[in-house]
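Presented below is the structure to which this report refers.
Protein chains: 2
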Amino acid sequence: MNDELLQVLRRPPRERADAARNRSRVLEAAGRLFAEGGVAALTVDAVAREAGVGKGTVFRRFGDKSGLVSALLDQRERELQEAVVFGAPPLGPGAPPRERARAFFDAYLTYLADHLDLVRLSETASPGARFRIGAYVFWHRHLALLCADRPDPDHLAHVLLGMVAADLNTELLAQDMGWDRIRAGVASAVDRLVDPSYSP
Amino acid sequence: MNDELLQVLRRPPRERADAARNRSRVLEAAGRLFAEGGVAALTVDAVAREAGVGKGTVFRRFGDKSGLVSALLDQRERELQEAVVFGAPPLGPGAPPRERARAFFDAYLTYLADHLDLVRLSETASPGARFRIGAYVFWHRHLALLCADRPDPDHLAHVLLGMVAADLNTELLAQDMGWDRIRAGVASAVDRLVDPSYSP
DNA sequence: TAGACAAACGGACTTGGGTCCGTTTACTCT
DNA sequence: AGAGTAAACGGACCCAAGTCCGTTTGTCTA
Chain U
1 MNDELLQVLR
11 RPPRERADAA
21 RNRSRVLEAA
31 GRLFAEGGVA
41 ALTVDAVARE
51 AGVGKGTVFR
61 RFGDKSGLVS
71 ALLDQREREL
81 QEAVVFGAPP
91 LGPGAPPRER
101 ARAFFDAYLT
111 YLADHLDLVR
121 LSETASPGAR
131 FRIGAYVFWH
141 RHLALLCADR
151 PDPDHLAHVL
161 LGMVAADLNT
171 ELLAQDMGWD
181 RIRAGVASAV
191 DRLVDPSYSP
Chain P
1 MNDELLQVLR
11 RPPRERADAA
21 RNRSRVLEAA
31 GRLFAEGGVA
41 ALTVDAVARE
51 AGVGKGTVFR
61 RFGDKSGLVS
71 ALLDQREREL
81 QEAVVFGAPP
91 LGPGAPPRER
101 ARAFFDAYLT
111 YLADHLDLVR
121 LSETASPGAR
131 FRIGAYVFWH
141 RHLALLCADR
151 PDPDHLAHVL
161 LGMVAADLNT
171 ELLAQDMGWD
181 RIRAGVASAV
191 DRLVDPSYSP
């Protein structure tokens, strides 16, 4: 096995220049359209037109609409992810699980409140889209680790994340439940679910 | 205010004969198509064609696709609802809240396992459809009553129902989590969330 | 720098949910 | 029975997501 072959195996061929250019053009166009007209303005056709590319290009770059919107949100979400992995406690490592979980949900709800429409779009663009998003998998792992001493951390983590589904919270807001009340409800459930010995 | 006016106020004008006939024709057609080809065969156009009615008729009768599928599920779900309201404990009235809640989730998971595809279709046909379905509202009230002594029964009931969202459970099955494991996870969460004094 | 090839391109096309509106039909009241 | 009316009808139409495939373009090698 020669070096060349090894190299090929190692490096996934890097993105062509035009592809990279179009990726950012599309993202910028999407950002612009959303800023002007909200989620209603975010149709794939409109984004493609605004970006000056064909519609096929958008789908090749981002897979589907959900992928496009997730990419738009990527930056913000990445910051939260880094804070969880490298940041100070209680969000970052060091604090006891229940407190880390609470800190996470608190931070995530802030993020959700700031971007509810986009997150909802990315989660409901197609059935099951929510679970395919990279960030979901990441949060799921994080929570499962925090629940490691519970009977089924894997299932429990899914249940916990269910509380911050964009669709659910859109509904709660529509029913006049404010973010403060949602925060309190989530916090209380987190306490009871994450910490086996908790009972206030 | 005369009698006639009172009567008009009281009785919502009953369904016209042709309307009723078409309602059942459409439901039968939908049932047939689903039996033959599963959810993939359940397009509104196909249902309308099979029923021998226009597409507009389907939408007038059922509102949207989600409504049509909910109507298909109605029978089964009604049985469960009756068991909850009039049946024997622990599903029906009489047992302590935690046990009623457990019995409900157990029964609902059976129902879900039997009709997962259809329930998923009805819940994800459009964003937020889940919360607009009559049954959702019913279950929500039931659970909120069972949690009456918790700080925020309304929010908590939504969280509990999140655990049996068809979309989530489809994903769990796809990840090789079986119904037995799902049942256990749900039961454990119900215990901890519904009963303030529970800690096994 | 030429030529080969994979990758990217783009827009016509397909599919499916949902709307619209001119026409038809079941009921009601006399 | 016959006229009036509200409701129901149906299919053409619209919109938006996602696919397909013939064409173009960047990149790598000689």
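Keeping their order, the protein sequence lines are chains U and P.
Heads up: the first sequence at position 169 corresponds to 169 in full-length UniProt numbering, and the numbers run straight through without jumps.
Heads up: the second sequence at position 141 corresponds to 141 in full-length UniProt numbering, and the numbers run straight through without jumps.
We treat Cβ as the ideally placed atom computed from N, Cα and C, and that holds for glycine.
| task | Would you mind telling me which residues of chain P sit closer than 7 Å to U:Phe131, beta carbon to beta carbon, in chain order? | result | Within the first sequence, the letter at position 131 stands for residue 131 of chain U. Going along chain P in sequence order, the residues near U:Phe131 (Cβ under 7 Å) are Glu171.
Q) Leaving out five residues before and five after residue 211 of chain U in sequence, what residues of the same chain have Cβ atoms less than 6 Å from its Cβ? A) Given a span of 1 to 200 for chain U in the structure shown, any question on residue 211 of chain U remains unanswerable.
Name the residue from U:Ser188, U:Gly38, U:Ser66, U:Val85 whose alpha carbon lies nearest to the alpha carbon of U:Asp117. Along the first sequence, read from residue 1 onward, the residue named residue 117 of chain U stands at position 117. Cα-wise, what sits closest to U:Asp117 is U:Gly38.
Which word fits P:Ser66, buried or exposed, when buried means at least 16 other C-beta atoms lie within 10 angstroms of its C-beta?
Locating residue 66 of chain P in the second sequence gives position 66, where the first residue counts as 1. Buried.
**Message:** DSSP three-state label for P:Pro153, please.
**Reply:** Against the second sequence, residue 153 of chain P aligns to sequence position 153. Here P:Pro153 sits in helix by DSSP.
Quick one, which of P:Val69, P:Val47, P:Phe104 has its alpha-carbon nearest P:Gly87's? Here residue 87 of chain P corresponds to residue number 87 of the second sequence, with the count starting at 1. Measuring from the Cα of P:Gly87, the nearest candidate turns out to be P:Phe104.
### Sheet register partners of P:Ala95 (DSSP bridge)
Against the second sequence, residue 95 of chain P aligns to sequence position 95. DSSP output for P:Ala95 lists P:Pro93 as bridge partner(s).
Beta-carbon proximity check, P:Leu160 vs P:Leu145, cutoff 9 Å: Translated into positions along the second sequence, residue 160 of chain P becomes position 160. Translated into positions along the second sequence, residue 145 of chain P becomes position 145. Taking 9 Å as the Cβ cut-off, P:Leu160 and P:Leu145 do not qualify as a contacting pair.
- Message: Distance cutoff 9 Å, beta carbons only. Does U:Val119 sit that close to anything in chain P?
- Response: The sequence position of residue 119 of chain U within the first sequence is 119, counting from 1. Judged by the 9 Å Cβ criterion, U:Val119 is not in contact with chain P.
In this structure, does DSSP put U:Tyr136 in helix, strand or coil? Numbered from its first residue, the first sequence carries residue 136 of chain U at position 136. In the structure shown, U:Tyr136 sits in a helix (DSSP, three-state: H, G or I).
| task | Whole angstroms is fine: what's the gap from P:Met1's alpha carbon to P:Glu82's? | result | Position 1 of the second sequence, counted from the first residue, corresponds to residue 1 of chain P. Position 82 of the second sequence, counted from the first residue, corresponds to residue 82 of chain P. Because the pLDDT at P:Met1 is just 36, under 50, the model does not fix this residue reliably, and the value given afterwards should be weighed accordingly. Each residue's Cα considered, the two are about 38 Å apart.
Looking only at its own chain, which residues have a Cβ that is under 8 Å from the Cβ of U:Leu80, when we skip the five neighbours before and after it? As a first step, residue 80 of chain U is located in the first sequence; it is residue number 80 there, counting from the start. Within the same chain, U:Leu80 has close Cβ partners Ala107, Tyr108, Tyr111.
Indicate whether at least one CB of chain P lies closer than 9 Å to the CB of U:Val69.
-> Taking the first sequence and counting its residues from 1, one reaches residue 69 of chain U at position 69. Chain P contact via Cβ: absent.
- Message: I'd like to know if the segment 14-26 of chain P and the segment 43-61 of chain P are in contact, where contact means that at least 3 CB-CB pairs between them fall below 8 Å.
- Response: yes
Taking 9 Å as the threshold (beta carbon to beta carbon), is U:Val159 in contact with chain P? For the purposes of this step, residue 159 of chain U is taken as the residue at position 159 of the first sequence. True, the Cβ-Cβ gap to chain P drops below 9 Å.
task = Give the C-beta separation of U:Leu121 and U:Leu42 to the nearest angstrom, bearing in mind that I take them to be a contact with Cβ-Cβ under 8 Å.
result = Position 121 of the first sequence holds residue 121 of chain U. Position 42 of the first sequence holds residue 42 of chain U. Indeed, because the Cβ distance is near 7 Å, the residues count as touching under 8 Å.
- Report yes if the C-beta distance between U:Arg100 and U:Leu91 is below 9 Å; otherwise report no. For the purposes of this step, residue 100 of chain U is taken as the residue at position 100 of the first sequence. For the purposes of this step, residue 91 of chain U is taken as the residue at position 91 of the first sequence. Yes, the Cβ-Cβ distance between U:Arg100 and U:Leu91 is below 9 Å.
- Kindly list, in the order they appear in chain U, the residues whose Cβ is closer than 7 Å to that of P:Leu168. In the second sequence, the residue the question calls residue 168 of chain P occupies position 168. The answer, in chain order, is His158, Gly162.
message: Once the 5 residues before and after P:Tyr198 are set aside, which same chain residues still bring their CB inside 8 Å of it?
response: For the purposes of this step, residue 198 of chain P is taken as residue 198 along the second sequence, with counting starting at 1. So the list reads Arg98, Asp191, Arg192, once near-sequence residues are dropped.
**Study point:** Opening and closing residue of the alpha helix (DSSP H) in which P:Asp191 lies
**Key:** Residue 191 of chain P sits at position 191 when you count from the first residue of the second sequence. First-last of the alpha helix (DSSP H) with P:Asp191: 179-194.
At the 9 Å Cβ level, is P:Ala189 part of the contact set with chain U, yes or no? Looking up residue 189 of chain P in the second sequence gives position 189. Judged by the 9 Å Cβ criterion, P:Ala189 is in contact with chain U.
Checklist entry - Which bits of chain P does U:Thr57 rub up against, with CB to CB less than 7 Å? => result Within the first sequence, residue 57 of chain U is the residue found at index 57, counting from 1. Ordered by position in chain P, no residue passes the 7 Å Cβ test against U:Thr57, which lies about 26 Å from the chain.
Quick one, which of U:Ala148, U:Gly54, U:Asp45 has its alpha-carbon nearest U:Asp18's? Here residue 18 of chain U refers to the residue found at position 18 when the first sequence is read from its first residue. Of U:Ala148, U:Gly54, U:Asp45, the residue nearest in Cα terms is U:Gly54.
Whole beta strand (DSSP E) runs in the segment 42-122 of chain P with 3 or more residues, listed along the chain? Runs found: none.
Chain P within 9 Å of U:Val44, Cβ atoms only: Taking the first residue of the first sequence as position 1, residue 44 of chain U is located at position 44. With 9 Å as the cut-off, U:Val44 does not count as an interface residue toward chain P.
DSSP state of P:Glu15 mapped onto helix, strand, coil: Here residue 15 of chain P refers to the residue found at position 15 when the second sequence is read from its first residue. The answer is coil: DSSP assigns P:Glu15 none of H, G, I, E or B.
Is there at least one Cβ from chain U nearer than 9 Å to P:Ala113's Cβ?
Within the second sequence, the letter at position 113 stands for residue 113 of chain P. No, because no Cβ of chain U sits closer than 9 Å to the Cβ of P:Ala113.
Inset, instruction - Assign P:Ser126 to buried or exposed, taking buried as 16 or more other Cβ atoms, counted over all protein chains shown, within 10 Å of its Cβ. - result: Here residue 126 of chain P refers to the residue found at position 126 of the second sequence. Its Cβ having fewer than 16 others within 10 Å, P:Ser126 is exposed.
**Prompt:** In three-state terms, what does DSSP make of residue 216 of chain P?
**Reply:** Only positions 1 to 200 of chain P appear in the structure, and residue 216 of chain P is not among them; the question remains open.
Quiz item: What residue does the alpha helix (DSSP H) around P:Ala166 start on, and which one ends it?
Solution: As a position in the second sequence, residue 166 of chain P is number 166, starting the count at 1. Per DSSP, P:Ala166 belongs to the alpha helix (DSSP H) from 166-174.
Original post:
On the three-state DSSP scale, how would you describe U:Gly38?
Top reply: Against the first sequence, residue 38 of chain U aligns to sequence position 38. Correct three-state label for U:Gly38: coil.
Report task. Could you check the C-alpha separation between residue 209 of chain U and P:Gly94 for me, to the nearest Å? Result -> What is shown of chain U runs 1 to 200, which leaves residue 209 of chain U out entirely.
I'd like to know whether the C-beta atoms of U:Gly162 and P:Gly178 end up nearer to each other than 9 Å. In the first sequence, residue 162 of chain U corresponds to position 162, counting from 1. In the second sequence, residue 178 of chain P corresponds to position 178, counting from 1. Contact: no.
*Counted within 10 angstroms of its Cβ, other Cβ atoms place U:Ala30 as buried (16 or more) or exposed*: Within the first sequence, the letter at position 30 stands for residue 30 of chain U. Residue environment: U:Ala30 is assigned as buried (16 or more neighbouring CB atoms within 10 Å of its CB, all protein chains considered).
- For P:Leu73, which of P:Glu36, P:Thr57, P:Asp114, P:Gly63 has the nearest alpha-carbon? The residue labelled residue 73 of chain P in the question sits at position 73 within the second sequence. The shortest Cα separation from P:Leu73 among P:Glu36, P:Thr57, P:Asp114, P:Gly63 belongs to P:Asp114.
Using the three-state DSSP reduction, which class does residue 202 of chain P fall into: helix, strand or coil? Outside the modelled stretch of chain P, which goes from 1 to 200, sits residue 202 of chain P, for which no answer is possible.
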